[in-house]
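J.: The structure follows.
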């Protein structure tokens, strides 16, 4: 899965190139509120323009569930992309995506011009990888480029479906970077390799824990999922989040770590409160208690100061760090200290630092450490499945070198 042809390996002069981008951006009143994903897509688009391709862009936006929803049109994206590229981006406003507007726009294209298709999820077949829609997309192009890592763990028409119907299917620069960083971190990391997993649910990270224990030297567990491990050790965890169905699994993972000679670090002290903050960023009274002595009427909401030190030290000894999931309720200033401590430790180390998408990416960016990390993944679910060692359909379908 790591050795795929990219846009650097093909000649697109005079050819129609369909590019699957990730333009799933937040909109408010028709305005884009965060354009990171548009900016991230520019290098691949500019490369194809410069090489004389006829560049046809497609993406999903939100969850229209197979019907045209005016508030989820990609029209605002076309407008902003034109400004970012400094050239016209023709928007093909077809509710059926590949309709008369798209066909006419593509037929009229000159080399180096850009067309954007309507939201691919306006079609109900998109998320089911239905053949009819895949064929329509393939009929527009000679070459397919997948640059949307955020949906790479799904087999949809606009990534896996279309790539099976064209002779040339390659990855763009964004996808290549994800494959290089995430893939190599898991398959051949520079050691010591430290993995940090947080977030609320053990269930979401089950296979990741299992796979990473075999690959890493130290596995650090924080966030809500730590309490299931603490309870599995027989400790009182009060009103903290727990997944009782996974207690045996946590015991198995602790035994596996011991058997493999891997370090598995769990919190030694915990920030507790009477309950979850409401609203999430409300002021909150907290105490710090040893992690094996959480009072029955308290809820654990962040890692404590001793744990922060322990985790920061472990991260600083690493040559490769992968981090997925916050250490506590980072949306609350009082309960963000654990997540901040880990972000600071990673910002200060000269290790290769890779942030899985989703909440950890949001946390690192919000706290102002984004530019200090080697790589911040653009895909939450996709990066987790990559770390599980699963084959991603959106990557697997590209031509091998």
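Numbering (our numbering), first residue to last: 1025 to 1425.
Idealized CB from N, CA, C, for every residue including glycine.
Skipping 5 residues on each side, what residues in its chain have a beta carbon closer than 8 Å to that of residue 1209?
T.: Excluding residues within five positions, the ones whose Cβ falls inside 8 Å are 1217, 1344, 1346, 1376, 1378.
J.: May I ask whether a heavy atom of the ligand NAP can be found less than 7 Å away from the beta carbon of residue 1062?
T.: With respect to the ligand NAP, the structure offers nothing, as it holds no ligand at all.
J.: Between residue 1128 and residue 1117, is the Cβ-Cβ spacing less than 8 Å?
T.: No. Outside cutoff.
J.: Measuring CB atoms only, is the stretch 1231-1239 touching the stretch 1251-1262, in the sense that at least three cross pairs come out at less than 8 Å?
T.: Contact between the stretch 1231-1239 and the stretch 1251-1262 is absent, because fewer than three Cβ pairs lie under 8 Å.
J.: How many angstroms separate the CA atom of residue 1226 from the CA atom of residue 1078?
T.: Rounded to the nearest angstrom, the two C-alpha atoms are 46 Å apart.
J.: Tell me whether residue 1416 sits in a helix, a strand or coil according to DSSP, three-state version.
T.: The answer is coil: DSSP assigns residue 1416 none of H, G, I, E or B.
J.: Keeping to the same chain, check which residues put their C-beta closer than 7 Å to that of residue 1405; ignore five residues upstream and five downstream.
T.: Counting only Cβ-Cβ distances below 7 Å, and skipping sequence neighbours, we find 1177.
J.: Where does residue 1326 sit, in a helix, a strand or coil, going by DSSP?
T.: Strand.
J.: With distance defined between alpha-carbon atoms, name the residue in 1107, 1136, 1161, 1110 nearest to residue 1120.
T.: That would be 1161, whose Cα lies nearest to the Cα of residue 1120.
J.: Between which two residues does the alpha helix (DSSP H) carrying residue 1233 extend?
T.: Looking at the DSSP string, the run of the alpha helix (DSSP H) that includes residue 1233 is 1226-1239.
J.: Can you check whether the CB of residue 1074 is closer than 8 Å to the CB of residue 997?
T.: The structure shown does not extend to residue 997, since the chain is modelled only from 1025 through 1425, so no value can be given for it.
J.: Look up residue 1215 in the DSSP assignment and say whether it is helix, strand or coil.
T.: Of the three classes helix, strand and coil, the one that applies to residue 1215 here is coil, per DSSP.
J.: What does residue 1399 pair with, by DSSP beta-bridge criteria?
T.: Answer is 1378, bridged to residue 1399.
J.: Output the boundary residues of the alpha helix (DSSP H) element that contains residue 1250.
T.: Per DSSP, residue 1250 belongs to the alpha helix (DSSP H) from 1250-1256.
J.: Please report the Cβ distance between residue 1198 and residue 1294, rounded to the nearest whole angstrom; I am assuming they are in contact, meaning their Cβ atoms lie under 8 Å.
T.: The pair is not a contact, with the Cβ atoms about 38 Å apart (cut-off 8 Å).
J.: Three Cβ pairs or more, each shorter than 8 Å: is that satisfied between the stretch 1299-1314 and the stretch 1267-1279?
T.: Short answer: they don't touch.
J.: Check this for me: beta carbons of residue 1072 and residue 1141, under 8 Å apart or not?
T.: No.
J.: On the three-pair Cβ rule with 8 Å, is the stretch 1155-1173 touching the stretch 1186-1197?
T.: Contact holds: three or more Cβ-Cβ distances are below 8 Å.
J.: Taking Cβ to Cβ, would you say residue 1147 is nearer than 8 Å to residue 1087?
T.: Their beta carbons are not under 8 Å apart, which means residue 1147 does not touch residue 1087 by this criterion.
J.: Along the chain, which unbroken stretches of the beta strand (DSSP E) at least 3 residues long are found entirely within the stretch 1052-1134?
T.: Here the runs fully enclosed are 1078-1082, 1113-1116.
J.: Cα-Cα, which of 1047, 1342, 1306 is closest to residue 1358?
T.: Closest option to residue 1358, Cα to Cα, is 1306.
J.: Give me the residue from 1317, 1063, 1321, 1291 with the minimum Cα distance to residue 1330.
T.: With distances taken between Cα atoms, residue 1330 lies closest to 1291.
J.: Classify residue 1269 as helix, strand or coil using the three-state DSSP reduction.
T.: It is helical.
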